[in-house]
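Numbering (the numbering used here), first residue to last: 21 to 273. We put the CB at the ideal spot given by N, CA and C, even for glycine. Since the model is a prediction, treat every value here as computed from it, not as a measurement.
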């Protein structure tokens with residue numbers, strides 16, 4: 021979505037394709053890991069891989085990014101390249117990504133290997149968090165301690181006067197489902213986004229009440245979660261899978 025301010029929440033909607041340029045040790049079952057790494061597609065249903073962007077300087081500083089457009093560090097770019105080599109083995113059918121550069125650059129590493137176009141959509145951006153954005157974790161605790169505590173308890177909180185988590189899910193989940201609906205049988209969609217947006221989207225797709233979303237835990241940089249299509253809807257197959265163990269550094273910790 022062209023022209024949308026980076027420091028305001030998007031309204032969702034149709035993305036636009038861009039040519040992309042130029043993954044995994046998970047917590048799922050051993051057989052499932054082997055099948056995924058081998059690119060096996062045999063009657064398992066559609067899958068959605070939700071992949072968080074690589075490391076940024078603000079991640080290292082524990083500075084709340086939200087919808088601020090921050091680029092990857094060199095380490096973050098290396099994380100994206102390592103993860104992309106593993107995720108390419110899943111033989112994805114489509115890639116969609118947030119238009120913020122940390123996600124778009126991460127997605128481009130997978131696009132280079134798979135020769136798939138990336139569809140960028142502003143609805144996949146991270147939570148807009150108003151006055152929290154740009155503050156460190158310690159600064160947020162000092163200035164907005166009660167608000168932070170209420171958020172961690174699972175209460176509906178407009179962090180810094182920004183979006184509710186349910187509003188993030190309202191904009192992101194329909195975009196993900198819309199692209200998943202276009203997949204072939206047993207197809208795989210890779211969604212490149214942000215920790216908070218991924219967590220809320222997973223919670224919505226699993227049918228969890230919003231106050232339980234915190235229980236899913238965060239995603240480390242360049243790690244991913246996998247949802248599989250089942251007879252009763254989407255189910256979580258893997259969470260916070262990645263190439264190497266990484267600490268969770270970001271807005272969602």
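Three-state secondary structure assigned by DSSP to residue i
i	result
residue 232	helix
residue 114	strand
residue 261	strand
residue 249	strand
residue 256	strand
residue 90	coil
residue 140	strand
residue 147	coil
residue 67	strand
residue 239	coil
residue 203	coil
residue 173	coil
residue 83	strand
residue 179	helix
Residue interval of the alpha helix (DSSP H) (run including residue i)
i	result
residue 188	185-200
residue 221	215-225
residue 152	Looking at the DSSP string, residue 152 is not in any alpha helix (DSSP H), and its letter there is neither H nor E.
residue 79	77-80
Own chain partners of residue i with C-beta closer than 7 Å, once the 5 adjacent residues on each side are dropped
i	result
residue 50	In this prediction, residue 50 scores a pLDDT of 38, lower than 50, which makes its location untrustworthy; the coordinate-derived value is nonetheless stated afterwards. There are no such residues.
Range covered by the beta strand (DSSP E) that runs through residue i
i	result
residue 126	That residue, residue 126, is in no beta strand (DSSP E); its alpha helix (DSSP H) goes 121-134.
Own chain, CB closer than 6 Å to residue i, minus 5 neighbours either side, in chain order
i	result
residue 73	122, 123 and 126
residue 180	149, 150, 151 and 152
residue 182	148, 149 and 150
Residues of its chain near residue i, where Cβ-Cβ distance is below 8 Å and the 5 sequence neighbours each way are ignored
i	result
residue 202	114
8 Å contact criterion, which residue i and residue j should meet: CB distance rounded
i	j	result
residue 67	residue 247	7 Å
residue 108	residue 92	About 19 Å; that fails the 8 Å criterion.
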